[in-house]
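Residue numbers (my numbering): 797 to 941. Just so it is clear, CB atoms sit at the ideal spot from N, CA and C, and this is done for glycine as well.
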């Protein structure tokens, strides 16, 4: 006999079936984000984590922008994908698009490395803003109609 909708038993049933799927999808997205960030920090011409540890706010801003820019399309995939395979495939596509975009934006900014190493907050905010803007566009474009 099925539990009455809205009852405690129905809520427990929903948790029992939905929670494992939720946890698995969140873990997959977290792993994709970690992989994307590992690739990102290897592609950039400087060591953001070291610079952040030494108090370089510009490097921290750029790194935070990259984390957000990589996570926004992943969040969109998590919110709109029905299966784990969808999350995985479109999550990988999202990461590839974002990493390409991050590279293009970094190349478009002349003396990017020097500006960030010098602590230029204005340059860091501009780069982080561009990264996040493209992430939002990518996320919206990947949402199924």
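- Taken through DSSP and simplified to helix, strand or coil, residue 802 comes out as coil.
- In summary, residue 880 is exposed, with fewer than 16 beta-carbon neighbours lying within 10 Å of its beta-carbon over all protein chains present.
- Within its own chain, the residues whose Cβ lies closer than 8 Å to the Cβ of residue 822, once the five positions on either side in sequence are excluded, are 874, listed in chain order.
- Residue 905 carries a coil assignment under DSSP once its states are collapsed to helix, strand and coil.
- In the three-state DSSP reduction, residue 845 falls in the helix class (H, G or I).
- Annotation for residue 858: the continuous alpha helix (DSSP H) segment containing it runs 853-876.
- In the structure shown, residue 939 falls within a coil segment according to DSSP collapsed to helix, strand and coil.
- For the options 929, 936 and 909, the alpha carbon positioned closest to that of residue 854 is the one of 909.
- Between residue 876 and residue 939, the C-beta spacing is below 8 Å.
- When C-alpha distances from residue 828 are compared across 852, 886, 856 and 922, the shortest belongs to 886.
- Exposure of residue 907 is indicated by the presence of fewer than 16 other C-beta atoms within 10 angstroms of its C-beta.
- Within its own chain, the residues whose Cβ lies closer than 6 Å to the Cβ of residue 935, once the five positions on either side in sequence are excluded, are 868, 869 and 872, listed in chain order.
- When rounded, the separation of the alpha-carbon atoms in residue 801 and residue 882 is 29 Å.
- Comparing C-alpha distances from residue 830 to each of 895, 920 and 933 shows the shortest one belongs to 895.
- Contact annotation: residue 920 and residue 912 have beta-carbon atoms nearer than 8 Å.
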